[in-house]
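Have a look at the structure below, then the notes.
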């Protein structure tokens, strides 16, 4: 039987969910980074979460959600993403502000209100950053990190990594400043080890590769896939390896 979940419990469950859905192993050190707390604090919290039935801890110290922990985390993430969508689509908040305000609202709004907001928007499939609302199918196909898109290929922005939402909020602000959003078409003009030159609506701009790794894109219709280009040795040097996109 699980214990009563507190705001601290919720934060840990959400963190474990998000890290796992970015394809990373969830370990105490990673949680300490994500939550900006000390390693001993994480260790104590994880022991309580395991005692109360929210998580399982493997011999290699990797952490997974129990059935009840996963159900609770999924509910919390669903609530947050629906609130983000409402804040941006209905109230006009930008990406970065919507994420912050959704955190503030989440504990104050009932499930009934969230369900009504969801229905009033036609049950959107993703949050404003393109991350799928739990229980729904992604409205896009196979994705790759923008950092791995070959020069000359046009791609459609589909998803911003949860890591960016949580750990690089300045990136969301910068993307909003240059008018990059869900559905934006970008063409890769040039790539070096540390910088991409991209074109958006005829306007070139630079983006660090480290930031491009947090942006997930889909190759625009009618072009050869990046995999096919890579197989023919046409992919430019200096682009790093891909990262597994979110699995829901």
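In our numbering, the protein residues as written are 21 to 268.
Note that beta-carbon positions come from the ideal geometry of N, C-alpha and C, so glycine has one too.
Treat the numbers as computed from the prediction; the structure is a model and nothing was measured.
Apply the 10 Å Cβ neighbour rule to residue i and answer buried if 16 or more other Cβ atoms are within range, or exposed otherwise.
i	result
residue 41	buried
residue 164	buried
residue 85	buried
residue 193	exposed
residue 132	exposed
residue 99	buried
residue 81	exposed
residue 169	buried
residue 111	exposed
residue 79	exposed
residue 214	exposed
residue 148	buried
residue 66	buried
residue 157	exposed
residue 221	exposed
residue 139	exposed
Taking the DSSP output, what are the residues bridged to residue i?
i	result
residue 77	83
residue 179	236
residue 165	236
residue 224	219
residue 149	Note: residue 149 sits in no beta bridge, so no partner.
residue 207	174 and 219
What distance in whole Å lies between the Cβ atoms of residue j and residue i, which are believed to be in contact at a cut-off of 8 Å?
i	j	result
residue 216	residue 227	5 Å
How about residue i and residue j: are their beta carbons less than 8 Å apart?
i	j	result
residue 105	residue 60	no
residue 48	residue 97	no
residue 284	residue 137	The structure shown does not extend to residue 284, since the chain is modelled only from 21 to 268, so the question has no answer here.
residue 198	residue 239	no
residue 177	residue 237	yes
residue 108	residue 116	no
residue 196	residue 114	yes
residue 27	residue 130	no
residue 150	residue 87	no
residue 166	residue 175	yes
Ignore the nearest five residues each way along the sequence and tell me which others in residue i's own chain have a CB closer than 6 Å to its CB.
i	result
residue 70	77
residue 231	191
residue 206	175, 218 and 220
residue 160	178 and 238
residue 277	Not covered by the structure: residue 277. The range shown for the chain is 21 to 268.
Enumerate in chain order the residues of its own chain whose CB-to-CB distance from residue i is below 7 Å, with the five nearest sequence positions on each side excluded.
i	result
residue 50	39 and 44
residue 121	107 and 113
residue 125	103
residue 30	96
Enumerate in chain order the residues of its own chain whose CB-to-CB distance from residue i is below 8 Å, with the five nearest sequence positions on each side excluded.
i	result
residue 224	209, 217 and 218
residue 34	93, 96, 97 and 100
residue 36	46, 51, 75, 83, 84, 85, 89 and 93
residue 246	Confidence at residue 246 is low in this model, with a pLDDT of 44, below 50, so its placement is unreliable and the value that follows should be read with caution. Around residue 246: 164, 168, 169, 170, 173, 239 and 255.
residue 63	48
Any C-beta of chain D sitting closer than 8 Å to the C-beta of residue i?
i	result
residue 151	Looking for chain D here will not work: only one protein chain is present.
Is residue i near the ligand MN, judged by its Cβ being under 7 Å from some heavy atom?
i	result
residue 122	Although the ligand MN was asked about, the structure shown includes no ligands whatsoever.
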